[in-house]
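Numbering-wise, the sequence shown is residues -18 to -1, 1 to 63 according to mature numbering (1 follows the signal peptide of the UniProt record, and there is no 0). All C-beta atoms in this analysis are idealised placements derived from N, C-alpha and C, irrespective of residue type, glycine included.
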Amino acid sequence: GVFFNIYFLLYLTTPKTAHRVVGYLEEEAIISYTQMLKCIDDGSIENTPAPQIAIDYWNLPKDARIRDVTLAIRADEAMHR
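Have a look at this one:
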């Protein structure tokens, strides 16, 4: 609730800055998903089969893995910048 209220007030006073804040959050998400991909690649996170809901939502192949889901999410986050 606190973030919403602060963001709401920021948006009311300076919408351009509020949109910039969201852009920074998107950048951080991309960095986080990139780090997750590195962990999957080095084996510290298991590349398990993707959940069916993710396969359906992202239109992934039936044999998709969690790495494929992470790539799809990161690409989506990058489009929001």
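- The C-alpha of ARG56 lies about 13 angstroms from the C-alpha of ALA36.
- Rounded to whole angstroms, PRO43 and LEU(-10) show a C-alpha spacing of 43 angstroms.
- Taking ILE12 as the centre and dropping the five residues before and after it, the same chain places the C-beta of ARG56, GLU59, ALA60 closer than 7 angstroms to its C-beta, in chain order.
- Bounds of the alpha helix (DSSP H) holding ILE13 are -4 to 24.
- Annotation: GLY(-18) to PRO(-4) spans about 19 angstroms, alpha carbon to alpha carbon.
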